[in-house]
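Enquirer: When you line the sequence shown up against this note's numbering, it's residues -1 to 397, in that order.
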Amino acid sequence: MAYYRQLGQVPPTRHTQHRDPDGHLYYEELMGEEGFSSDSSLLYHRGVPSAIVGSEVWELPDQVRVPNHPLKPRHLRLHALHTGTDAVTDRRLVLGNHDVRIAYVVTGVAPSPLYRNAIGDECVFVEAGSGVVETVFGVVAYRAGDYVVIPRATTHRWVPAEPSRLYAIEANSHVAPPKRYLSRYGQLLEHAPYSERDLHGPDPDSVAGLVETHADDTEVEVLVKHRTSAGIVGTRLTYATHPFDVVGWDGCLYPYTFNIDDYMPITGKVHQPPPVHQVFEGDRFVICNFLPRKVDYHPLAVPVPYYHSNVDSDEVMFYVAGDYEARKGSGIGLGSISLHPGGHAHGPQPSAIEASLGADRFEESAVMVDTFAPLELGEGGLAVEDPDYAWSWARDIAD
-1 MAYYRQLGQV PPTRHTQHRD PDGHLYYEEL MGEEGFSSDS SLLYHRGVPS AIVGSEVWEL
59 PDQVRVPNHP LKPRHLRLHA LHTGTDAVTD RRLVLGNHDV RIAYVVTGVA PSPLYRNAIG
119 DECVFVEAGS GVVETVFGVV AYRAGDYVVI PRATTHRWVP AEPSRLYAIE ANSHVAPPKR
179 YLSRYGQLLE HAPYSERDLH GPDPDSVAGL VETHADDTEV EVLVKHRTSA GIVGTRLTYA
239 THPFDVVGWD GCLYPYTFNI DDYMPITGKV HQPPPVHQVF EGDRFVICNF LPRKVDYHPL
299 AVPVPYYHSN VDSDEVMFYV AGDYEARKGS GIGLGSISLH PGGHAHGPQP SAIEASLGAD
359 RFEESAVMVD TFAPLELGEG GLAVEDPDYA WSWARDIAD
C-alpha cells in the first residue's frame, strides 16, 4: 500500500510493551512483505498468533490445468458455470499458470470459512453483489465494481449481504499500483488514473467490534492455501484463539477496495493501447480495466482496436457491463471471457470496424489480465467453452 494507517490501540513506540487494562501483555506481530525489506504492518493480538492445536489436509477444488494446445483463441461463458455458494471453497479454476490463477464463484449469503492465501495477494473483482470481508485488520465493505485487494497471508472471511459474483485473481506475488503511477516515496502521482482517496481500507470502528464478537472463541479453524514442491495444496490449521483478536494495528500493509467507477479513463486523438487502462500489476502479469469513455477524436479515427499480436503475453478479457463494440458478432456477451494467446493475432470482428466509425463514446466495462507466461485452462473454463469462437473472424467475413 502507498500510505500509512493506524486503527485501534497501538503503543507510542513500536516493539515496546503494550498492555490491556488488567496488565496483560498484548502480543505484537509484524506482517511484512519481502522479508523485512518492503511494506509491513504491526498487529497487536490478545492471544498468541502462532498458537495452533491442530493441522490437517484441506482438499482443494480441482487445480488441474490443461495447456492451450493446439493453439487457438477461446471464449468461456462464465454465467453458464455452476458453482457452489461458498466464496472460498467453491471457487472453480478457469485459467492459470505459475504466476497467477483466475477463478469464479457465485456466492450465497452464508459466511465463508476463515481463509488465508499464503501463496500471494488476491485481487477479487466483484462483478455483482455486496457484503463485507472480515479480516485481522478490520472489516472491509465491498460492492459491485470493486476490486478487493487482500495481501498475502491475511486471515479473512467473506460475508455476503446478497449473492455475489466474484472473479478471483490469485497471484503468486504481490498486487500493487503500477510503478509508473507512483513517486519514489510511494504516493500516487498526478498522471495516475486514480488517487489514494479512491482506496478504501478497513472501517476504523470495526477492529474493536471483531475483538468483542470473538473474544471467547477457541479452537478456531483457518483454511490455508500454500505451496509445496508438488504444487498448490491446502491445510486446515486450528488455532487456540480466534485470529480476529487484534486490538490495533498500524502500517502500510492492509486490505482495501477500489471501485472501477473511480478510475479515470485516458483517451486520445487515435486509439490508445491497453497499458493506458492499467490499474494494478503483479509479478509477470498486469490488470487493466476498459470503462465507459469518450473515444478517439481524430476525424479519420478507427475507434475499435487495431489487430495486434501478443508476442510476449496472453490476454484475458472479462466482459462485465455494457456493449463491447469490437466483439459484436463473435458470440461474446456479458459474463464472457476471451482468451487471446501469444502467437495469435487478434482484434475486432471485421464488421465491427466499419460499424464503429464516427462513434464518440463507448459504453462498455471489462477487466483484462495480461500474463507473460502461457495460460492453461482449468476445469471451470473447459466446462463452459464456446467451441465455435476461434472461427468467428472467418465466419464474420463469410457473412
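The C-beta atom is built at its ideal place from N, Cα and C for all residues, glycine as well.
Note that the structure is a prediction, hence the values are computed from the model and not measured.
Going by DSSP, what residue range makes up the beta strand (DSSP E) through Pro158?
Expert: 154 to 158
Enquirer: Sort Pro372, Val8, Ile395 by Cα distance to Leu93 and report the nearest one.
Expert: Pro372
Enquirer: Find the nearest neighbour of Val130 within the set Leu28, Gly21, Pro161, Ala151, judged by alpha-carbon distance.
Expert: Pro161
Enquirer: Would you tell me roughly how many angstroms separate the C-alpha atoms of Pro68 and Gly341, rounded to the nearest one?
Expert: 12 Å
Enquirer: With a 10 Å radius around its C-beta and 16 neighbouring C-beta atoms as the bar for buried, classify Ala85 as buried or exposed.
Expert: With 16 or more other Cβ atoms within 10 Å, it is buried.
Enquirer: Suppose contacts are defined by Cβ-Cβ distances below 7 Å. Is Glu125 in contact with Tyr165 by that definition?
Expert: Yes, they are a contact pair.
Enquirer: Check the DSSP bridge columns for Ala343 and list the partner residues they point to.
Expert: Ser307
Enquirer: In terms of alpha-carbon separation, which member of Ile335, His296, Ala319 lies closest to Asp312?
Expert: Ile335
Enquirer: From this set, Leu235, Arg17, His77, Ala169, which residue's C-alpha is nearest Ser48's C-alpha?
Expert: Each of Leu235, Arg17, His77, Ala169 was checked against the Cα of Ser48, and the nearest Cα belongs to Leu235.
Enquirer: As a quick exercise: from Pro301, Pro253, Tyr261, pick the residue whose alpha carbon is nearest that of Ser38.
Expert: Pro253
Enquirer: Measure the Cβ-Cβ separation of Leu112 and Val220 and say whether it is below 7 Å.
Expert: yes
Enquirer: Out of Tyr145, Ala169, Leu180, Val138, point me to the one whose CA is closest to Val157's CA.
Expert: Val138
Enquirer: When DSSP builds the beta bridges, which residues end up paired with Tyr295?
Expert: Note: Tyr295 sits in no beta bridge, so no partner.
Enquirer: Does the distance from the CB of Gly52 to the CB of Thr83 come in under 7 Å?
Expert: no
Enquirer: Would you check if there are 3 or more beta carbon pairs closer than 8 Å linking the stretch 324 to 332 to the stretch 251 to 265?
Expert: As far as the Cβ criterion goes, the stretch 324 to 332 does not touch the stretch 251 to 265, which means the pair count is below three.
Enquirer: So, does the stretch 53 to 66 touch the stretch 222 to 234, judging by three or more C-beta pairs under 8 Å?
Expert: yes
Enquirer: Use the C-beta contact count for Ser307: other C-beta atoms within 10 angstroms, 16 or more gives buried, fewer gives exposed.
Expert: Its Cβ having fewer than 16 others within 10 Å, Ser307 is exposed.
Enquirer: In or out: Arg182 buried (at least 16 other Cβ within 10 Å) or exposed?
Expert: exposed
Enquirer: For Asp243, I'd like the list of residues in its chain whose CB is within less than 7 Å of its CB, leaving aside the five on either flank, ordered along the chain.
Expert: His43, Arg44, Gly45, Val209, His212
Enquirer: What are the start and end residues of the beta strand (DSSP E) that includes Ala85?
Expert: Per DSSP, Ala85 belongs to no beta strand (DSSP E) and is neither H nor E.
Enquirer: Are Arg99 and Glu168 touching if we call contact CB-CB under 7 Å?
Expert: yes
Enquirer: With a threshold of 6 Å, establish whether the CB of Ser349 neighbours any heavy atom of the ligand NAP.
Expert: Although the ligand NAP was asked about, the structure shown includes no ligands whatsoever.
Enquirer: Hey, quick one: how far does the alpha helix (DSSP H) through Glu210 stretch, first residue to last?
Expert: For Glu210, the uninterrupted alpha helix (DSSP H) segment begins and ends at 204 to 211.
Enquirer: Return the first residue and the last residue of the beta strand (DSSP E) that Leu381 is part of.
Expert: Leu is not the amino acid found at residue 381; the sequence shown has Ala there. From DSSP, Ala381 is part of no beta strand (DSSP E) but of the alpha helix (DSSP H) over 377 to 381.
Enquirer: Measuring straight from C-alpha to C-alpha, what distance separates Met317 and Ser35?
Expert: Note that residue 317 is Tyr in the sequence shown, not Met. Distance from the CA of Tyr317 to the CA of Ser35, rounded to the nearest whole angstrom, comes to 38 Å.
Enquirer: Identify every residue that forms a DSSP beta bridge with Glu26.
Expert: Tyr42
Enquirer: Taking the alpha-carbon of Gly331 as reference, which of His269, Arg359, His73 has the nearest alpha-carbon?
Expert: His73
Enquirer: As a quick exercise: from Tyr145, Arg282, Leu23, Asn287, pick the residue whose alpha carbon is nearest that of Val274.
Expert: When only C-alpha atoms are compared, the closest one is Asn287.
Enquirer: Is the beta carbon of His77 sitting closer than 7 Å to the one on Gly280?
Expert: no
Enquirer: Taking DSSP as the reference, what is the three-state secondary structure of His240?
Expert: coil
Enquirer: Short of 7 Å in beta carbon distance, which residues of its chain neighbour Val12, apart from the five on each side in sequence? Order them along the chain.
Expert: A quick correction: the sequence has Arg, not Val, at residue 12. So the qualifying residues of the chain are Leu40.
Enquirer: Take Tyr145 as the anchor and find which of Gly320, Val382, Asp196, Gly21 has the nearest alpha-carbon.
Expert: Asp196
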